[in-house]
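Only one structure is covered here, and it is reproduced in the block below.
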Amino acid sequence: MSKVAFIGLGNMGGPMAANLAKAGHAVCAFDLAAPALEEARRAGCEVARSAVDASEGAEVVISMLPAGQHVRSLYVEQEEALFDVLDEGTLVIDCSTIDAQTARFVAREGQKRGIGFIDAPVSGGVGGAQAGALTFIVGGNAAQFERAQPLLAAMGKNIFHAGDHGAGQIAKACNNMLLAVLMAGTCEAINMGVKNGLDPAVLSEIMKQSSGGNWALNVYNPYPGVMANAPASKGYQGGFQVDLMIKDLGLATDISQQSAAAIPMGSAARALFTLHKAGGHGKRDFSSLMTFYQGADEA
Ligand code: NAD
3 MSKVAFIGLG
13 NMGGPMAANL
23 AKAGHAVCAF
33 DLAAPALEEA
43 RRAGCEVARS
53 AVDASEGAEV
63 VISMLPAGQH
73 VRSLYVEQEE
83 ALFDVLDEGT
93 LVIDCSTIDA
103 QTARFVAREG
113 QKRGIGFIDA
123 PVSGGVGGAQ
133 AGALTFIVGG
143 NAAQFERAQP
153 LLAAMGKNIF
163 HAGDHGAGQI
173 AKACNNMLLA
183 VLMAGTCEAI
193 NMGVKNGLDP
203 AVLSEIMKQS
213 SGGNWALNVY
223 NPYPGVMANA
233 PASKGYQGGF
243 QVDLMIKDLG
253 LATDISQQSA
263 AAIPMGSAAR
273 ALFTLHKAGG
283 HGKRDFSSLM
293 TFYQGADEA
């Protein structure tokens, strides 16, 4: 069992840290938000007053933060940056979805100090995090990948080695761009069916079993009431924020520009989610794009 520091206990990090503690690892957790710390304590984690305190004596540090600037700051740039205090030989597993350049930069900075850093973004949503059923997409060397396996297995079911540092983030950006397109398409289709007299649950079941079937229909139906546990049935609270999806579509846009890979569908999805955010919905779950199609003000 490992001594683990866990930084970032939001919608995803909270349940991930809880699953590590449940598996018997000694987890010391930190988040800027007090309620998140209290939740972690209830889930069996020790809690700390700062990231530095949480990391004292840790063999492995795991982070689950919003974006690249938070990761760069935590490990390298802020006062009391973790790379200045972690022991040589520590492994850092960053599960945040960030840009590949930042992941490679932080990995290089770690290497200079004898600290391993891998990017290990996840897929599976809050439900997957709670169930310990996430998919991890790892970028790093083979030895680091092997070392991370037992910890990742306590939080996930599918663990992929995408390639060297940064490769996990590229694969994650490809996946989330596809997810955005699928969610937008699913909202579009359900809205058209409902406006033409269909029951959203019946239509969803038909499409789920037909050639339009996809992850949004299977586990994350965007229409309220169709799926009891989906954010759509909880006022679009929790889950995966519109703001975070727009961040991910920005990452995909950067990758497409750097590589001259055309992403017309991804660009359309980015425009849709940005218009939805402009309506004041940035903090709601991304499946609330449904209300954009509906004409909107069930908000
Ligand atoms: P969130 O906003 O719910 O959680 C982020 C947490 O980080 C917050 O609790 C915040 O207080 C904390 N935080 C920020 N800066 C910090 C710092 N310097 N030190 C300590 N804590 C700090 O976000 P989330 O939904 O948990 O997403 C986290 C990451 O996972 C994002 O990169 C997101 O894109 C990715 N992701 C989210 C989902 C999802 O379904 N929510 C799915 C896959 C990947």
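In my numbering, each residue's number is its place in the sequence shown (first place is 1) plus 2.
For glycine and all other residues, C-beta sits at the position ideal for the given N, C-alpha and C.
Computed from a predicted model, the values in this text were never measured in an experiment.
For N160, the enclosing beta strand (DSSP E) begins and ends at G158 to G165. V63 sits close to L84, with the two beta carbons spaced by under 8 Å. Straight across, the Cα-Cα distance linking T137 with E90 is about 28 Å. Selection G168, Q132 and A122 evaluated against E148 yields A122 as nearest (Cα-Cα). In this structure, A191 keeps its C-beta atom at 8 Å or more from the C-beta atom of L274.
Nearest to A7 by C-alpha distance, out of S65, G168, A175 and G46, is S65.
Contact between the region 239 to 256 and the region 153 to 169 is absent: fewer than 3 CB-CB pairs across the two stretches fall below 8 Å.
Of the candidates G26, G170 and E40, E40 places its Cα closest to the Cα of G12. Ranked by Cα distance from G46, the first of L93, G16 and A164 is G16. Excluding the 5 residues flanking it on each side, R106 has same chain C-beta neighbours closer than 6 Å at H167 and G168, in chain order. Within the same chain, C30, F32 and A56 come within 6 Å of A50 by CB-CB distance, once the 5 residues on both sides are set aside.
Contact between the region 174 to 182 and the region 244 to 251 is established, with three or more Cβ pairs separated by less than 8 Å. In the structure shown, V244 adopts helical secondary structure according to DSSP, grouped into three states. Within the region 4 to 51, the complete alpha helix (DSSP H) runs of at least 4 residues fall at 15 to 24 and 36 to 44. At a cut-off of 3 residues, the continuous stretches assigned as beta strand (DSSP E) that sit fully inside the region 130 to 218 are 136 to 141 and 158 to 165. V183 is the residue among G141, A131, V183 and G127 whose C-alpha sits nearest the C-alpha of M267. Relative to A280, the option among Q260, M292 and V244 whose CA is nearest is V244. In this structure, D101 has its CB at a distance of at least 7 Å from all heavy atoms of the ligand NAD. When DSSP reads this structure, S65 sits in a beta bridge with I9 and D96.
A Cβ-Cβ separation of about 11 Å leaves S235 out of contact with G241 under the 8 Å criterion. Approximately 17 Å separates the beta-carbon atoms of S206 and Y238; this is outside 8 Å, ruling out the contact.
For D89, the three-state secondary structure derived from DSSP is coil. In the DSSP assignment, G118 forms a beta bridge with L93. In this structure M18 is in contact with A131, their Cβ atoms being roughly 5 Å apart against a cut-off of 8 Å.
For F242, the CB falls within less than 7 Å of some heavy atom of the ligand NAD.
Across the set A203, G118 and G170, the C-alpha of G170 shows the shortest separation from the C-alpha of Q103. The ligand NAD never approaches G282 closely enough for any of its heavy atoms to be under 7 Å from the residue's Cβ. As the crow flies, the alpha-carbon of G142 is around 24 Å from that of Q80. A direct Cα-to-Cα measurement between R286 and P68 gives close to 15 Å. Assigned with DSSP and collapsed to three states, D250 falls in helix.
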